[in-house]
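Novice:
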Amino acid sequence: MIESDNRSTGSVYEMIRDDIVSGRLEPNARLKIAELALRYRTSTNPVREALQQLRGEDFVQMEPNRGARVRPIDEAFVRDIIEIEVLLEPALTKWFVSIANEADIAELEAVQAQIEENDFADRVRHGELDTRFHQLIYDRHYNRHASELWWKHREVLRAISRRFATSLSRRQAVLREHRTLIAALRAQDAEGAAAIVAQHVEGSGRHIIEQMGAAKRIIPRRSPA
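Residue numbers (full-length UniProt numbering): 1 to 225.
This is the structure we're talking about:
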């Protein structure tokens, strides 16, 4: 008997998406609605709706007479997201510059102090703080669709990056870019802040893509015969 907890389409979507990004659902694997309903302890309707949503976001590919398959989460997938974010995040930042006050800057500085105190020692904690840092800027934008798109991309990239270690050079760059961004925001330098954010996004994307490429080049050792 199937034990269903009546999960919503949204929660089923998130679980399938996370399993695709993490590799728990392997690239090109067939996605059968009945099997997924069993896997996530739900009925078939939320699964069907979630797959349609994932198809629209290019996580799932539909093939005639073959059904749904997992789209490989590769370097091209990350590149496509970064190319959008390098345009979106600077635009969101420029708006924040126009409305930010001293209290807003102080809150960013407080979060940044926690980020530096943690200094990547706890990766989960860093992810939470880093997300909070950027949310303080982007969630203030009047265009909710834009900030929600950033959030979706953020969650995808964070799930992918969890598979890899963050290099020392990238850790140093993140802290430096955050400090420089705060200084530009305090100076009400919209163009300067936007340029820093664009550099920040490009650096993050480049690091993930490099790590993905390095992982592919690792050849597993064969067990002795």
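Note that the Cβ used here is the ideal one computed from N, Cα and C, for glycine as well.
1) Identify which residue in I208, R144, A190 has its Cα closest to the Cα of V156.
2) Leaving out the 5 sequence neighbours to the left and right, which residues in its chain are closer than 6 Å to M212 when beta-carbon positions are compared?
3) In whole angstroms, give me the CA-to-CA distance for R176 and K94.
4) Which residue from L168, R48, I160 puts its Cα closest to that of residue 265?
5) Based on Cα-Cα distance, which residue from L36, T42, Q53, R30 lies nearest to P64?
6) Return helix, strand or coil for L61, following the three-state DSSP convention.
7) Quick one: grab the DSSP three-state call for L31.
8) Pull up the distance between the alpha-carbon of D130 and that of I115, whole angstroms please.
9) Taking the CB atoms as reference points, tell me whether R69 and Q61 lie closer together than 7 Å.
10) Would you mind stating whether H126 and F133 have Cβ atoms separated by less than 7 Å?
11) If you run the structure through DSSP and keep just helix, strand and coil, what is A110?
12) Let's see if you can read the secondary structure: which residues bound the beta strand (DSSP E) around R69?
13) Mind listing, in chain order, the continuous alpha helix (DSSP H) runs of no fewer than 4 residues lying wholly within the region 174 to 225?
14) Got a sec? Which residues, its chain only, sit under 7 Å from I137 by beta carbon, not counting five neighbours each side?
15) Taking a contact to mean a Cβ-Cβ separation below 7 Å, would you say R17 touches F59 in this structure?
16) Report yes if the CB atom of G203 is closer than 7 Å to the CB atom of A173, and no otherwise.
17) Measuring only the C-alpha atoms, how far is K216 from A165?
18) When we look at the beta-carbon of R154 and count the other beta-carbons within 10 Å, is it buried (16 or more) or exposed?
19) Nearest to P90 by alpha carbon, out of L108, A193, R206?
20) Below 8 Å on the Cβ atoms is my contact criterion, and I expect L88 with L149 to pass it. Report the Cβ-Cβ distance as a whole number of Å.
21) Out of curiosity, what's the CA-to-CA distance linking V78 and Y13?
22) Can you give me the Cβ contacts of A225 inside the same chain, cut-off strictly under 7 Å, excluding the 5 residues immediately before and after it?
23) Expressed to the nearest angstrom, what Euclidean distance is found between the alpha-carbon atoms of S4 and I33?
Specialist: Taking the definition as stated:
1) I208
2) E75
3) 20 Å
4) Lying outside 1 to 225, the shown extent of the chain, residue 265 is not represented and no answer is given.
5) R30
6) For the record, residue 61 in the displayed sequence is Gln; it is not Leu. If DSSP states are grouped into helix, strand and coil, Q61 belongs with the strands.
7) strand
8) 7 Å
9) yes
10) no
11) helix
12) 67 to 70
13) 190 to 217
14) L92, T93, F96
15) yes
16) yes
17) 15 Å
18) buried
19) A193
20) 7 Å
21) 19 Å
22) Confidence at A225 is low in this model, with a pLDDT of 44, below 50, so the placement of that residue should be treated as unreliable; the coordinate-derived value is given next. Excluding residues within five positions, none has a Cβ falling inside 7 Å.
23) Bear in mind that a pLDDT of 48 at S4, under 50, signals an unreliable position, so the number given afterwards is only what the model happens to contain. Cα to Cα, S4 sits roughly 14 Å from I33.
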